[in-house]
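Under our numbering, the first residue of the sequence shown is numbered 1474, with each subsequent residue one higher. All C-beta atoms in this analysis are idealised placements derived from N, C-alpha and C, irrespective of residue type, glycine included. Here is the structure we will look at.
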Amino acid sequence: MKVIWDNQKAEKLLRERDISVEAIADMLMRNEFLEILENPRHPDQMMFIISYKEYTHAVPFIIDAEDRVVLKTVYPSRKHHKHFGGKSHES
């Protein structure tokens, strides 16, 4: 799986939320995610649900014309954390 993202967005996430898109991309390439869901707010997107820094995060993405996974953003998700209970991908 080839994972790409916007570098400016990645810098902003690191600066403002202490979220490393590079670390998350590495996790995804190792299949370290809890679930893949449809994004209810954007019908053209899906979301990886991951455990990152001991909290559940949503990672919206699309698949582009070259079959690459394009990460849109990353955000902590209280809703998904409540559902998954802080489980790791191995749980």
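Asked: C-beta contact flag for M1519 and I1509 at 8 Å; Found: yes
Asked: Closest by C-alpha distance to Y1525, when choosing among I1535, K1482, F1557; Found: F1557
Asked: Those residues which DSSP pairs with I1477 across a bridge; Found: V1543
Asked: Closer than 8 Å to chain E by CB, H1554; Found: Absent from the structure: chain E. Only one protein chain is present.
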